[in-house]
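Asks:
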Amino acid sequence: MTDSLCSTQDSSWVNLVVALAAEAKPLQSWYGLKRDATQRAYPVFRNQHIALIISGLGKLNAAAATGYLHALNGSVSNSIWLNIGIAGHAHRPVGTGLLAHQVVDASMGVTSYPPLPFELPCVTERVVTVDTPDLAYAQAGAVEMEASGFLHAAQRYTTRELVQCYKVVSDNPGQDARQLEPAAVSALIGQQLSTLDRLLQQLGRLSNELTELSIEPELLRRYQQHWRFTVTQRHRLEALLKRWRVLAPAAQGWNPDWRRIPHSKQLLSEMSAHLDQLAVERA
Amino acid sequence: MIDLIYVEKAIKAHPRTRAILERFANKTVIECDRYTEIFNPAGQNFRLQKQRPALILARKQEGWVLPAPPEYRIAAGRNFYFSHMLNCLYDCRYCFLQGMYRSANYVLFVNYEDFVTAIEAVADSAATPAWFCSGYDCDSLALEPVTRFAEYFVPAFAELDNAFLELRTKSTQIRDILRYAPLSNVVTAFSFTPDRVARELEHRTPSVSKRLDAIAKLQQAGWAVGLRFDPLIYTAQFRAQYQQLFQQIFTRLNPQTLHSVSLGVFRLPKGYFRTLVKLYPEERLFAAPLEERDGMISYRADLEAEMRDYCEQELLKYLPRESFFPCYPESGGKAHAG
């Protein structure tokens, strides 16, 4: 993994979905991703912060692989999802990197607009997902085969701002897609690594901002060691701990005296009353 | 900073769209069928989008003018509101828009002509004067250099006999108003909270003193001005803070020439409040002594009454009672945008 990514990605989890092994290769090397030998359904590569899956061609494969990777990683909060791949374009030069501002599923007629509330690291473009290779270059925008399937699946797992599609122009009317060799595909993706780094830094910043709002898992575990909470009670506990953090950060969300309280229901009630009192005192 | 502009295909050729796009000539423009494709999908995060909102240019297709909620009424009789824009340049933490909308992008409805036609129809539908408030779903003037909202609507109201316009704002963008001769049926109402509260909660807004400068200019030019202390924000020092605020304001402005002054309490529908707490759990305002009453979240009743009574009493030291309008809904009230 590059230093720049290390410095900004400290707590966020990145999922990369690519269609081809040739697209994955430069990413594996750049981010130091190692093959997960336990996975047989799809090739999966990972390091401490990033997982990459090779989906195979097409939107259904992309959606299925995205779901598989999500299931594999468990529900990591605020994770980043990025689809990277090559695309054809009617007029853009080969090697141009494009961030999708609109993803159109050509066969379904469905259009999505990934929100882009960050400093854009490159130009943005309409991306059209087709079911079969399209060498007519009649569509406006970048034409490829995975983005809509990926987007549809990944947007279920994290907030939309953290789900993006990045495409590199690999062919146009002047450069035939049928002549593309795997090495050329790898080279095209390889040329985009610094832009991808910048994009992941932006997304990492957004992801970290959300993660920092959560209650530390260690603190929650401490409570769960002493009391048993239903799911609803756990949500209530988290809300109270957040309020407590605002009103009395120094207390660090823990009062040893409360260990005398036998039941979670009573604990939450006393906690709530304590915070109401604090709220008036510290307004 | 606006980097992306979405444009509905239907209003791509509208002169107002063209003028705005010219202003943002080097920005990315993305065509869409309806603004709702970008604005409405679930699973968006308002907080993240607020960092870099996009501008969406759209056409309002219906519902140009709506009856005003009870706490938003400024006069007896007929009160309405209209929203040429959804969302606000500013980032006031108490604002209900954060809880109501899934997206923080700015939606600007460019078909001002349709709004004015609807306003005319409503105004003409009865003999009693009708008030039309702008600034419920946005700040009326904050984005004036882009929207040219006042530039269009102020002269439009010059032609309306039976209609009054309230522009609700925290902005100092008054240049487009000052270009015209003052109209007796247009009031610019400025919202205030005490300086310290404004610094903590009203991000990106002009300071209290800059707002006062803008008011003074409008008054000097003969325009009617209103003051809105809405929502009242509780702190342990609220008495001193509001006393100082009123003193600061009425040292600068002549209370006798003010069109109207109103007070409003902090009140949010429970669902919106929950969304706000999820978005901004670190916000002190939401950890305050609040309670639920009839589906609304507001300050504890005793604190609310204490604030209300104190501020009312203080204001009446400066103001004639006839220009004071308390806005205390029994239910249904919300902290508005402007």
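Line order of the protein sequences matches chains A and B.
Per the numbering used here, numbering through the first sequence is continuous, rising by one, with the last residue being 283.
Per the numbering used here, numbering through the second sequence is continuous, rising by one, with the last residue being 1338.
Even for Gly, the Cβ is constructed at its ideal location relative to N, Cα and C.
What are the boundary residues of the alpha helix (DSSP H) that B/Y1152 is part of?
Replies: Here residue 1152 of chain B corresponds to residue number 152 of the second sequence, with the count starting at 1. Unbroken alpha helix (DSSP H) run through B/Y1152: F1149 to A1158.
Asks: Should B/C1311 be flagged as near chain A, meaning a C-beta pair shorter than 9 Å?
Replies: Here residue 1311 of chain B is taken as the residue at index 311 of the second sequence, counted from 1. Chain A contact via Cβ: absent.
Asks: Would a check of beta-carbon distances place B/T1235 closer than 9 Å to chain A?
Replies: By 1-based counting over the second sequence, the position of residue 1235 of chain B is 235. Cβ-Cβ to chain A under 9 Å: yes for B/T1235.
Asks: Within a Cβ cutoff of 8 Å, which residues of the same chain sit near B/T1028, ignoring the five residues on either side of it in sequence?
Replies: Counting from 1 along the second sequence, the entry for residue 1028 of chain B is found at position 28. Correct list, in chain order: D1003, L1004 and I1005.
Asks: Check each residue of the segment 243 to 254 of chain A: if its Cβ is closer than 9 Å to any Cβ of chain B, include it; give the result in chain order.
Replies: Against chain B - using a Cβ distance shorter than 9 Å - the residues of the segment 243 to 254 of chain A are R243, W244, R245, V246 and L247.
Asks: Assuming B/L975 contacts B/Y1101 (C-beta within less than 8 Å), just tell me the rounded distance between them.
Replies: Any property of residue 975 of chain B remains undetermined from this structure, which presents chain B solely from 1001 to 1338.
Asks: Could you check which residue in A/H235, A/V130, A/V76 and A/Y113 has the C-alpha nearest to that of A/L11?
Replies: Position 11 of the first sequence, counted from the first residue, corresponds to residue 11 of chain A. The sequence as given places Ser at residue 11 of chain A; Leu does not occur at that position. Per the Cα distances, A/V76.
Asks: May I ask you to list, following chain order, the residues of the segment 214 to 232 of chain A that have a beta carbon less than 8 Å from some beta carbon of chain B?
Replies: none
Asks: Strictly below 7 Å CB to CB, what residues from chain B border A/A283?
Replies: Reading the first sequence from its first residue, position 283 is the one you call residue 283 of chain A. What A/A283 touches in chain B: Y1234, T1235, A1236, A1288 and P1289.
Asks: Quick check on A/P121 - is its C-beta less than 9 Å from some C-beta in chain B?
Replies: In the first sequence, counting from the first residue as 1, residue 121 of chain A sits at position 121. Not one chain B Cβ lies under 9 Å of A/P121.
Asks: Nearest to B/L1268 by alpha carbon, out of B/F1238, B/Y1299 and B/L1245?
Replies: Mapped onto the second sequence, residue 1268 of chain B falls at position 268. Checking every option, the nearest Cα to that of B/L1268 belongs to B/Y1299.
Asks: Identify the residues that DSSP records as bridge partners of B/L1263: which are they?
Replies: For the purposes of this step, residue 1263 of chain B is taken as residue 263 along the second sequence, with counting starting at 1. Paired residue(s): B/F1229 and B/P1326.
Asks: What are the start and end residues of the beta strand (DSSP E) that includes B/F1286?
Replies: As a working note, residue 1286 of chain B is residue 286 in the second sequence. It is not in any beta strand (DSSP E) - B/F1286 carries neither H nor E in the DSSP assignment.
Asks: From the DSSP output, in three-state form, read off A/M1 for me.
Replies: Taking the first residue of the first sequence as 1, we reach residue 1 of chain A at position 1. Because the pLDDT of A/M1 is 44, which lies under 50, any placement of that residue in the model is unreliable, and the number read from its coordinates should be weighed accordingly. Here A/M1 sits in coil by DSSP.
Asks: Do you know offhand how far A/G190's Cα is from A/A22's?
Replies: Position 190 of the first sequence, counted from the first residue, corresponds to residue 190 of chain A. Position 22 of the first sequence, counted from the first residue, corresponds to residue 22 of chain A. CA-to-CA, the gap between A/G190 and A/A22 works out to about 10 Å.
Asks: Are the CB atoms of B/E1144 and B/F1246 nearer to each other than 9 Å?
Replies: Position 144 of the second sequence holds residue 1144 of chain B. Position 246 of the second sequence holds residue 1246 of chain B. Result no, Cβ atoms of B/E1144 and B/F1246 do not sit closer than 9 Å.
Asks: State the Cα-Cα distance for the pair A/C6 and A/L193, rounded to the nearest angstrom.
Replies: In the first sequence, counting from the first residue as 1, residue 6 of chain A sits at position 6. In the first sequence, counting from the first residue as 1, residue 193 of chain A sits at position 193. Only weak support exists for where A/C6 lies, its pLDDT of 42 falling under 50; the value from the coordinates is given anyway. Near 14 Å, if we compare the C-alpha coordinates of A/L193 and A/C6.
Asks: Counting contacts by CB-CB distance shorter than 9 Å, is B/A1054 in contact with chain A?
Replies: Stepping through the second sequence from its first residue, residue 1054 of chain B is reached at position 54. Taking Cβ atoms only, chain A reaches closer than 9 Å to B/A1054, which makes this a yes.
Asks: Just to confirm before moving on: does the CB-CB distance between A/P115 and A/E146 stay below 9 Å?
Replies: Translated into the one-based positions of the first sequence, residue 115 of chain A becomes position 115. Translated into the one-based positions of the first sequence, residue 146 of chain A becomes position 146. No, the Cβ-Cβ distance between A/P115 and A/E146 is not below 9 Å.
Asks: Would you say A/S77 reaches chain B, if we count a Cβ-Cβ gap shorter than 9 Å as a contact?
Replies: Along the first sequence, read from residue 1 onward, the residue named residue 77 of chain A stands at position 77. So, not an interface residue.
Asks: Using CA atoms only, rank isn't needed, just tell me which of B/L1232, B/R1199 and B/T1193 is closest to B/Q1248.
Replies: Within the second sequence, numbered from 1, the residue matching residue 1248 of chain B stands at position 248. When only C-alpha atoms are compared, the closest one is B/T1193.
Asks: For B/T1169, name the three-state secondary structure that DSSP assigns.
Replies: In the second sequence, counting from the first residue as 1, residue 1169 of chain B sits at position 169. When DSSP states are grouped into helix, strand and coil, B/T1169 belongs to the strand group.
Asks: Can you find at least 3 beta carbon pairs, one from the segment 62 to 76 of chain A and one from the segment 220 to 227 of chain A, that sit closer than 8 Å?
Replies: The segment 62 to 76 of chain A is not in contact with the segment 220 to 227 of chain A.
Asks: Where DSSP assigns a beta bridge to B/Y1299, which residues make up the other side?
Replies: Here the question's residue 1299 of chain B lines up with position 299 in the second sequence. The partner list for B/Y1299 (beta bridge, DSSP) reads B/L1290.
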